[in-house]
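Beneath this line is the structure, given in structure tokens, with notes to follow.
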Amino acid sequence: MGKYLSLAGISVKNALVYRANVTGRIIFYFVFIFVFFSLWRMVYSGNEIAGYNLTQMVWYVCMTELVLFCSGAGIFGVMNHEVKSGAIAYELLRPWNYIYKQFAGTLGNMTFSASVFTLMAIVLGMIFVGPLPGFNAAAIPFIIVSFMLSITMNFFFLMSLGLLAFYFEENSPFYFIYQKLLFVFGMLIPIEFLPLWAQGILRYLPFSLITWGPAKMVVDFSFGYAMQIIPLQVIWCIAAVSLAHFVFSRGVRKLNVHGG
Amino acid sequence: MAAIKLDGLSKTYKVKVRGEGLKNTFKSLVKPEYKEVEAVKNVSFSVDEGEMLAFIGPNGAGKSTTIKMLTGILHPTAGQAEVLGFNPVKDRKKLSYQIGAVFGQKSQLSFHLPPLDSFRLLSSVYEIEKTEYEKRLARLTELLELEEFLDSPVRKLSLGQRVRCEFAASLLHGPRILFLDEPTIGLDVVVKHKIRDLIKRLNKEEGVTVFLTSHDAGDIENLCRRAIVIDHGTVAVDMSVKKMKYDYLNKKVVSLKFNAETTLEETEGVTLIKHTPYAAKFSVDTRIAAIGRVIAGLDSDNIADITIEEPPMEEIIAAIYTKK
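Line by line, the protein sequences give chains A and B.
Just so we're aligned: 52 in my numbering is position 52 of the first sequence, and the numbers increase by one with no gaps anywhere.
If you want my numbering, it's the position in the second sequence, counting the first as 1, plus 1000.
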């Protein structure tokens, strides 16, 4: 356990090195929220859509973006690069579990991103639409747990996709599809915007549980909803970790490192 | 006791075959064809504890693949490897505490952080006790002269400085076997010497087994007693460096300076390389003409200076590589 903590520690240090990167992402986050705010302001004419009013809708997008900005999305690229370039060789030489090592190594970055972008989300939400009506502080622990689960789940899914580099020469299409699924099934719009039958399916799928799950918990909290979402998130989290293990342990047998 | 044992070790991998042109591109999309490449074919040998082995061969011969199978990074397609009694793939984690590796073409240090940060991280990864770590680090710092750049970010280090840090990083946990894959590639003479000295000391003082691949003849000559030449994935030569020199080195080069104008003639086994009135350089094939005889046949009063040289190790290696 100690070694994974040290890894997390050094990843904070590494995160701080990339100051330009952080600044870039802050600007990007701002632009995203601004565009969605403008879009929804045009769409709304004072009433609700599928149970969300404008204030809730803008906070919703602030939250779904928050998940994606904290998920260490770089992991796909890192895995892809490590496998293809053979940089993984040194990684496999160490007395650690490669998958948890990568998670620990990103944890610092994630914590750092989480603090920066949570602040961003709150500031932008306040500026654009003001405080959320009826927000209950008692919801905060559930929200935090849900966010952590969705970030972890997303991380391990992205990692599994990156590790597909063991099997495929070109694995970025998988990443592209996954990103788009996250985007349409929860990030852009809450699943309540979709037909009932689709909602029925989507509320059990990881794409919506990553984005819609925690975001709805912020804008429209109810204890019953939290109790429904969090167990599902736990199940998918376990599934994502197992998938990463499976893809890794089978894939590593196929590994070839060329040229030195 | 054997520290490393290979028994019929093989590694085959598939490469997609793509023809040229649009038609073939589509064809490979629909029905990809694969070609099997045998990187390592049925390789067997063993290395004793405390031995320093040169594992050499031309580019693409299978050296790195073999090293990576021995360190548990690559899974063999067939055959067995045993390193310190472990199966490298199955007991990868357990084995990793006992071995260290330097891959000359890859880095294990955090690019943006000072080496000291990477060392500290490794000490916790390898669960090295604090006092032990400090002792070890102090020793390596002294041996490799790392003091002045221990806290500059790795990206600001020269190649020589970086490689010295790579060595320190690989040695912190006191490995019993050191795998070196072209560790001195691109280094200047001074750094090369420093690194060779370090390897020698580790071998002598701590009994570290060294498994070295290198294209640098100096590394092989200075460090190793035994050499294995691998070519096209199979062991081509396995003998002592001394014997290798003797066997492949049936050539001596003699340079002479004369007191008076002299003309030498070629005889059987003696080939003139250069000849001026006051000097000559010729090579002797010692299988045909004994070097003693050739020298005895010279007019000793007329010789102002004589040098007898062996062809450099590099030529020997080249001879082995091109023989097949």
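Think of the CB as a built atom: it goes at the ideal place given N, C-alpha and C, for glycine as much as any other residue.
Since A121 of chain A contacts C70 of chain A with CB under 8 Å, what's their CB separation in whole angstroms? The pair is not a contact, with the Cβ atoms about 10 Å apart (cut-off 8 Å).
Note down, one range per segment and in chain order, each beta strand (DSSP E) of at least 3 residues found wholly within the region 1125 to 1183 of chain B. The region 1125 to 1183 of chain B contains these whole beta strand (DSSP E) runs: 1177 to 1181.
What is the DSSP secondary structure of S208 of chain A, counted as helix, strand or coil? Residue state, collapsed to three classes: helix.
Within this structure, are the beta carbons of V129 of chain A and L54 of chain A separated by less than 8 Å? Between V129 of chain A and L54 of chain A, the gap from beta carbon to beta carbon is short of 8 Å.
Check D1231 of chain B in the structure and name its three-state DSSP category. Note: D1231 of chain B maps to strand in three-state DSSP.
With C-beta atoms as the reference, is L1172 of chain B less than 8 Å away from P1114 of chain B? No; because the gap between Cβ atoms is not below 8 Å, this pair is not in contact.
Residues bridged to A1002 of chain B by DSSP? Its beta-bridge partners are B:D1048.
Inter-residue Cα distance where the pair is E170 of chain A and P1032 of chain B: Across the structure, E170 of chain A and P1032 of chain B are spaced so that their CA atoms are roughly 14 Å apart.
Nearest candidate by alpha-carbon position, reference I127 of chain A, set A:F221, A:F34, A:S6 and A:A89: Of the listed residues, the one whose Cα sits closest to I127 of chain A is A:F34.
Where does S1219 of chain B fall in DSSP's three states? Per the sequence shown, the amino acid found at residue 1219 of chain B is Asp instead of Ser. In this structure, D1219 of chain B counts as helix in the three-state DSSP scheme.
Assign Y52 of chain A to one of two classes, buried (16 or more other C-beta atoms within 10 Å of its C-beta) or exposed (fewer than that). Only buried fits Y52 of chain A, as 16 or more other CB atoms lie within 10 angstroms of its CB.
Please state if the CB of S113 of chain A and the CB of I210 of chain A are separated by a distance shorter than 8 Å. In this structure, S113 of chain A does not lie closer than 8 Å to I210 of chain A by Cβ.
Would you tell me roughly how many angstroms separate the C-alpha atoms of K1252 of chain B and G1160 of chain B, rounded to the nearest one? The straight-line gap from Cα to Cα measures roughly 35 Å.
Can you find a C-beta in chain A that's less than 8 Å from the C-beta of E1127 of chain B? So yes, E1127 of chain B belongs to the interface.
Can the beta-carbon of F1179 of chain B be found less than 8 Å from the beta-carbon of F1211 of chain B? Cβ distance < 8 Å, so F1179 of chain B and F1211 of chain B count as in contact.
With 9 Å as the C-beta to C-beta threshold (strictly closer), list the residues of the region 149 to 176 of chain A near chain B in chain order. So the list reads E169, given in the order they occur along the chain.
Give a yes or no on whether the minimum CB-CB distance between Y1097 of chain B and chain A is below 8 Å. So, interface residue.
Under 8 Å between C-beta atoms, does S80 of chain A make it to chain B? Residue identity differs from the one stated: residue 80 of chain A is Asn in this sequence, not Ser. Output row for N80 of chain A: interface = no.
Which residue comes first and which comes last in the beta strand (DSSP E) that contains F1103 of chain B? Where F1103 of chain B is concerned, the enclosing beta strand (DSSP E) starts and stops at I1099 to F1103.
Cβ shell of M1239 of chain B (< 8 Å), same chain only, five flanking positions each side left out: Same-chain partners within the cutoff: R1226, A1227 and D1247.
Taking only runs that begin and end inside the region 1238 to 1291 of chain B, name each unbroken alpha helix (DSSP H) of 4 or more residues, in chain order. DSSP runs (the alpha helix (DSSP H)) wholly in the region 1238 to 1291 of chain B: 1241 to 1248.
Can you give me the start and stop residues for the alpha helix (DSSP H) that A1319 of chain B sits inside? Note, A1319 of chain B: alpha helix (DSSP H), M1313 to K1323.
Closer than 8 Å to chain B by CB, N21 of chain A: Taking Cβ atoms only, chain B never reaches closer than 8 Å to N21 of chain A, which makes this a no.
Kindly indicate which three-state DSSP category S1064 of chain B falls into: helix, strand or coil? The three-state secondary structure of S1064 of chain B, taken from DSSP, is helix.
Beta-carbon separation (whole angstroms), P1010 of chain B vs V1047 of chain B, contact threshold 8 Å: One point to set straight first is that residue 1010 of chain B is Ser, not Pro, in the sequence displayed. The pair is not a contact, with the Cβ atoms about 18 Å apart (cut-off 8 Å).
Where M1 of chain A and R250 of chain A are concerned, what is the direct C-alpha to C-alpha distance, given to the nearest angstrom? One C-alpha to the other measures close to 25 Å.
Checking 8 Å against the spacing of the C-beta atoms, do I191 of chain A and F183 of chain A come in under that value? Against a cut-off of 8 Å, the Cβ pair of F183 of chain A and I191 of chain A comes out as no contact.
Quick one, which residues of the region 1202 to 1233 of chain B are near chain A if we go by CB-CB under 8 Å, in chain order? Close to chain A, meaning a Cβ-Cβ distance shorter than 8 Å, is no residue of the region 1202 to 1233 of chain B at all.
Below 8 Å, can you find three or more Cβ-Cβ pairs linking the region 1212 to 1226 of chain B to the region 1191 to 1202 of chain B? Cβ pair count under 8 Å is three or more, so yes.
Which chain B residues are close to Y90 of chain A, counting only those with a beta carbon under 9 Å from its beta carbon? Simply I1073, A1101, F1103, K1106, S1107 and Q1108.
Residues of the region 1080 to 1092 of chain B whose Cβ lies closer than 8 Å to any Cβ of chain A, in chain order: Against chain A - using a Cβ distance shorter than 8 Å - the residues of the region 1080 to 1092 of chain B are R1092.
Start and end of the beta strand (DSSP E) containing E1309 of chain B? First-last of the beta strand (DSSP E) with E1309 of chain B: I1303 to E1309.
Nonlocal neighbours in the same chain, by C-beta distance under 6 Å from M57 of chain A, ignoring five residues either side: Around M57 of chain A: W40.
The alpha helix (DSSP H) with A244 of chain A in it runs from where to where? Following the DSSP letters along the chain, one finds A244 of chain A inside the alpha helix (DSSP H) bounded by residues F223 to G251.
On the DSSP bridge assignment, give the partners of S1010 of chain B in chain order. Answer by DSSP bridge pairing, in chain order: B:A1078.
Give me the residue from A:G108, A:R19, A:G125 and A:R253 with the minimum Cα distance to I10 of chain A. Residue A:G108 is the option with its Cα nearest to I10 of chain A.
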